[in-house]
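So that you can map any letter, position 131 of the sequence shown is 131 in full-length UniProt numbering, and since no number is skipped, the others follow by simple counting. To keep things clear, I will list the structure first and then write my remarks on it.
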Amino acid sequence: MGDRISAPVDVLCVDDEPDGADLTAIRLERIDERFSVETATSARAGLAYIEENTVDCVVSDYKMPDIDGLAFFERVREKYPRLPFVLFTGRGSAAVADDARSRGVTDYLEKDADDRYEVLADQIRNAVEKRRREIPPNGHGQ
């Protein structure tokens, strides 16, 4: 069967601050060459991207002007219930983290953690590996 995580990992990073999204994309791609990271600057743009492209994992900011990260998560889950979703936020709190986990977000990470990009990369790898083990090799990723 082979190691499915050796295949490319398509990540969508959604953050209303373009510089933040771009920095996250660059750092993730440097940490793991299998990562191919696209960015969107709003939840609406992220939803449109997911509709048109294969995505293995979504990384989303929490505080965004149009739709917050948890509302975005709920919309993604409605159509793609198995798609891993990591809430990656600079404006979180224990209450947000608890709410996110209780709703079923795959993982939660605050942007101010010292090794945030390495931890985020691990969270993505773990979530994608788990999902790929659950989906048949020719199954659709979402």
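Glycine included, C-beta positions come from ideal geometry on N, C-alpha and C.
Going by beta carbons, Phe-88 and Leu-120 fall inside the 8 Å limit.
Excluding its 5 nearest sequence neighbours in each direction, Leu-109 has C-beta neighbours in its own chain below 7 Å: Val-86, Phe-88, Arg-116, Val-119, Leu-120, Gln-123, listed in chain order. With 16 or more other Cβ atoms inside 10 Å of its own Cβ, Arg-131 counts as buried.
Per the DSSP secondary-structure output, Asp-107 pairs in a beta bridge with Val-86.
Distances from the alpha-carbon of Val-128 to those of Val-76, Ala-71, Arg-34 put Arg-34 closest. For Ser-102, the number of other beta carbons within 10 angstroms of its own is below 16, and it is reported as exposed. Only residues of its own chain outside the window of five on either side were considered, and among them Arg-34, Ser-36 have a CB closer than 7 Å to the CB of Pro-8, listed in chain order. Secondary-structure assignment with DSSP links Glu-78 through no beta bridge to anything. In the structure shown, Ser-60 adopts extended strand secondary structure according to DSSP, grouped into three states. DSSP places Val-55 in the coil class of the three-state scheme, outside both helix and strand.
Taking a 10 Å sphere around the C-beta of Ser-60, we find 16 or more other C-beta atoms and assign the residue as buried. Membership of Asp-10 in the beta strand (DSSP E) is indicated by the continuous run 9 to 14. Measuring C-alpha to C-alpha distances from Asp-22 to each of Ser-6, Tyr-49, Ala-40, Val-58 identifies Ala-40 as the nearest.
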